[in-house]
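Undergrad: Can you keep this structure in mind? I'll have questions shortly.
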Amino acid sequence: MTWAKQDYDDIPGTYVFDGKRANPAYALNKLLYSFNEERNRAEFDADPAAYCDKLGVEGQYKTAVVEQNFLEMLRLGANIYFMAKMAIPRGTSVQDAGAQFQGITTEEFQQKLLAHGADLPDRIKLKGDYWNG
Amino acid sequence: MAKILGGITSSHIPAVGNAITQNLTQEPYWKRFFDGYEPAKAWLNEVKPDVVIVVYNDHGLNFFLDKMPTFALGCADIYENADEGWGLKPVAPFTGHAPLSWHIADSLVAQEFDICTCQEMKVDHGFVNPIRALFGDHEDWPVQAIPLAVNTVQHPVPSAARCLKLGEALGKAIESYPGDLNVVILGTGGMSHQLQGERAGLIDVEFDLECMDKIATDPQWMTQFSNADIMRRAGTEGIETIMWLVMRGALKAAPKVVHKHYHAPISNTGAGVLVLDNQ
Chain D
72 MTWAKQDYDD IPGTYVFDGK RANPAYALNK LLYSFNEERN RAEFDADPAA
122 YCDKLGVEGQ YKTAVVEQNF LEMLRLGANI YFMAKMAIPR GTSVQDAGAQ
172 FQGITTEEFQ QKLLAHGADL PDRIKLKGDY WNG
Chain Z
96 MAKILGGITS SHIPAVGNAI TQNLTQEPYW KRFFDGYEPA KAWLNEVKPD
146 VVIVVYNDHG LNFFLDKMPT FALGCADIYE NADEGWGLKP VAPFTGHAPL
196 SWHIADSLVA QEFDICTCQE MKVDHGFVNP IRALFGDHED WPVQAIPLAV
246 NTVQHPVPSA ARCLKLGEAL GKAIESYPGD LNVVILGTGG MSHQLQGERA
296 GLIDVEFDLE CMDKIATDPQ WMTQFSNADI MRRAGTEGIE TIMWLVMRGA
346 LKAAPKVVHK HYHAPISNTG AGVLVLDNQ
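Just so you know, the sequences run in chain order D and Z.
In this text, residue positions in the first sequence follow our numbering: the first is 72, and each later residue adds one.
In this text, residue positions in the second sequence follow our numbering: the first is 96, and each later residue adds one.
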């Protein structure tokens, strides 16, 4: 199968959610979407493997779901917003997932985020026209 | 005739809703972010819109990937919030304005924007959180609301240029509505952030500040960028900022900048509040 090349394919460390991911991971994302409903979450929790079978999630996709391997799910084409529906209630925030992707701790990931805002009020004061508290 | 009083931009991240629910808005982590909304709230209190049109993206509540409209307009009397998978209690339903919605749909299609019309549309945090941040929590919301969803989830996603043109058409649509209504448009989402991949955690403050300046004064500047350009600079989820251009396109060439606020990081993102007065 030949997927047309996209101008965003070469952005490092980035998996743009487009047809080449949405197509093979359709059943996986449909399973994740089903978690909007409480009764589906309960059914999954009672027997994850059986729930995968019921929704046609097979092979490496099923393994990743049953093992709650969120990084693998992302690599296989889970959309980040749909994956959050499974990850967050199970104690993995999107920050935890982001940290795992880089092989660092969540605390280190949060520190990196905070560093982006270092001296922000002072930097913004220089611009002049921003509200600054 | 309906009047566009102005436009406001706002982040719509889930953490904002959680902070409001848990009463954390004056905690050190959140204080500067939420204080930046006070001038926007004061402006809204002064101009008192009848209707807000909320430009946002659905994150897998109303739309699954089976059918993904590029632009979808709520054309209903009521919009319900619902569980997005996290078990949170939904907020009170929002009252829409069906005659205005259908007029906008008529006008947009006549202007060659073939949008999807929705008579049932669940609204998720992308729609709800900007309203909560700007109006506070209510059992009976003080403003009617119309959702305008833009696909920023599954590529292909519309370009910044296309969003600006949609905004221009939206402005014409609203201003040709025969009823007396005061409308404010909320452009939500953004700014720079990436949730997925090894590049997760990216925030580009300089790009965000430049976007805020230019969207206020020279929105055409943003149309030089392809979506790949924007994602390279502002992250895959930072592409949401294109939705601000829908709001901006509906306003006149030089609206008055009433308020400009930027904060980073909040959760994983850079967050900007612009209040543009169109009168």
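Glycine residues also receive a C-beta, built at the ideal position from the N, C-alpha and C atoms.
All of these numbers come straight from a predicted model, not from anything done at the bench.
For Z/Leu-290, decide whether its Cβ has a neighbour in chain D, counting only Cβ atoms nearer than 7 Å.
TA: Output row for Z/Leu-290: interface = yes.
Undergrad: Under 8 Å by Cβ, that's how I've got Z/Gly-101 and Z/Val-341 pegged, so tell me the actual separation to the nearest angstrom.
TA: Not really, about 14 Å apart at Cβ, beyond 8 Å.
Undergrad: Assuming Z/Asp-219 contacts Z/Asn-118 under a Cβ cut-off of 8 Å, what Cβ separation, rounded to an integer in Å, is found between them?
TA: Z/Asp-219 to Z/Asn-118, Cβ: 22 Å. No contact.
Undergrad: For the candidate residues Z/Ala-349, Z/Met-326, Z/Val-352, Z/Leu-290, whose alpha-carbon lies nearest to that of D/Asp-78?
TA: The shortest C-alpha separation from D/Asp-78 is found at Z/Met-326.
Undergrad: At 7 Å on the CB atoms, spell out the chain D contacts of Z/Asp-130, in chain order.
TA: Ordered by position in chain D, the residues that pass the 7 Å Cβ test against Z/Asp-130 are Gly-204.
Undergrad: Do Z/Leu-281 and Z/Asp-145 have their CB atoms nearer than 7 Å?
TA: Cβ atoms of Z/Leu-281 and Z/Asp-145: not closer than 7 Å.
Undergrad: Determine which residues share a DSSP beta bridge with Z/Pro-134 and list them.
TA: Answer is none; Z/Pro-134 lacks a bridge partner.
Undergrad: Count the other C-beta atoms from every protein chain shown that fall within 10 angstroms of the C-beta of D/Tyr-252, then say buried if there are 16 or more, exposed otherwise.
TA: Residue 252 of chain D lies beyond the stretch modelled for chain D, which goes from 72 to 204, so this question has no answer here.
Undergrad: Please tell me whether Z/Leu-160 and Z/Gln-249 are closer than 7 Å, where the distance is taken between their beta carbons.
TA: A contact, by the Cβ cut-off of 7 Å.
Undergrad: According to the neighbour-count rule (16 or more other Cβ atoms, all chains shown, within 10 Å of its Cβ), is D/Asp-190 buried or exposed?
TA: Counting Cβ neighbours within 10 Å, D/Asp-190 comes out exposed, since fewer than 16 surround it.
Undergrad: Taking any Cβ of chain Z, which residues in the segment 136–154 of chain D have a Cβ under 8 Å from it, in chain order?
TA: For the segment 136–154 of chain D, which is checked against every Cβ of chain Z, the residues closer than 8 Å are Leu-145, Asn-150, Ile-151, Tyr-152, Phe-153.
Undergrad: Which partner residues does D/Pro-83 have in the DSSP bridge list?
TA: Answer by DSSP bridge pairing: none, since D/Pro-83 is not bridged.
Undergrad: Which residues does DSSP list as the beta-bridge partners of Z/Lys-98?
TA: Answer is Z/Asn-277.
Undergrad: Under 7 Å, Cβ to Cβ, is there at least one residue of chain D near Z/Leu-160?
TA: It does; some Cβ of chain D falls within 7 Å.
Undergrad: How many angstroms separate the CA atom of D/Pro-119 from the CA atom of D/Ser-164?
TA: Distance between the alpha carbons of D/Pro-119 and D/Ser-164: 20 Å.
Undergrad: Let me check understanding here. Comparing Cα to Cα, which of Z/Glu-234, Z/Ile-298, Z/His-288, Z/Ile-337 lies closest to Z/Ile-310?
TA: Measuring from the Cα of Z/Ile-310, the nearest candidate turns out to be Z/Ile-337.
Undergrad: Residues in the segment 162–183 of chain Z with C-beta within 8 Å of chain D's C-beta atoms, listed in sequence order?
TA: Those would be Ala-177, Asp-178, Glu-179, Gly-180, Trp-181, Gly-182, in chain order.
Undergrad: Tell me which same chain residues have a C-beta within less than 8 Å of the C-beta of Z/Met-216, skipping the five on either side of it?
TA: Within the same chain, Z/Met-216 has close Cβ partners Asn-157, Ala-167, Gly-169, Ala-171, Tyr-174, Pro-242, Ala-244.
Undergrad: Does any residue of chain Z bring its CB to less than 7 Å from the CB of D/Ala-205?
TA: Residue coverage of chain D in this structure runs from 72 to 204, which leaves residue 205 of chain D outside it and unanswerable.
Undergrad: I want to see whether chain Z comes within less than 7 Å of D/Leu-184, judged by CB atoms only; does it?
TA: With 7 Å as the cut-off, D/Leu-184 counts as an interface residue toward chain Z.
Undergrad: So, is the C-beta of Z/His-107 closer than 7 Å to a C-beta in chain D?
TA: Chain D, which has no Cβ nearer than 7 Å to the Cβ of Z/His-107, makes this no.
Undergrad: Please check if any C-beta of chain Z sits within less than 7 Å of the C-beta of D/Asp-89.
TA: So, interface residue.
Undergrad: Can you name, in chain order, every residue of its own chain whose Cβ lies under 6 Å from the Cβ of Z/Glu-359, other than the five neighbours on each side?
TA: Just to set this straight, residue 359 of chain Z is Ala in the shown sequence, not Glu. Once the five neighbours on either side are set aside, the close Cβ partners of Z/Ala-359 are Ile-298, Val-300, Gly-365.
Undergrad: Check the Cβ of Z/Lys-355 against every Cβ in chain D and list those closer than 8 Å, keeping chain order.
TA: Ordered by position in chain D, the residues that pass the 8 Å Cβ test against Z/Lys-355 are Asp-200, Tyr-201, Trp-202.
Undergrad: Can you tell me where the beta strand (DSSP E) holding Z/Lys-351 begins and where it ends?
TA: Z/Lys-351 -> beta strand (DSSP E) spans 351–361.
Undergrad: At which residues does the alpha helix (DSSP H) containing Z/Asp-372 begin and terminate?
TA: First-last for Z/Asp-372: 364–372, but that is the beta strand (DSSP E), not the alpha helix (DSSP H).
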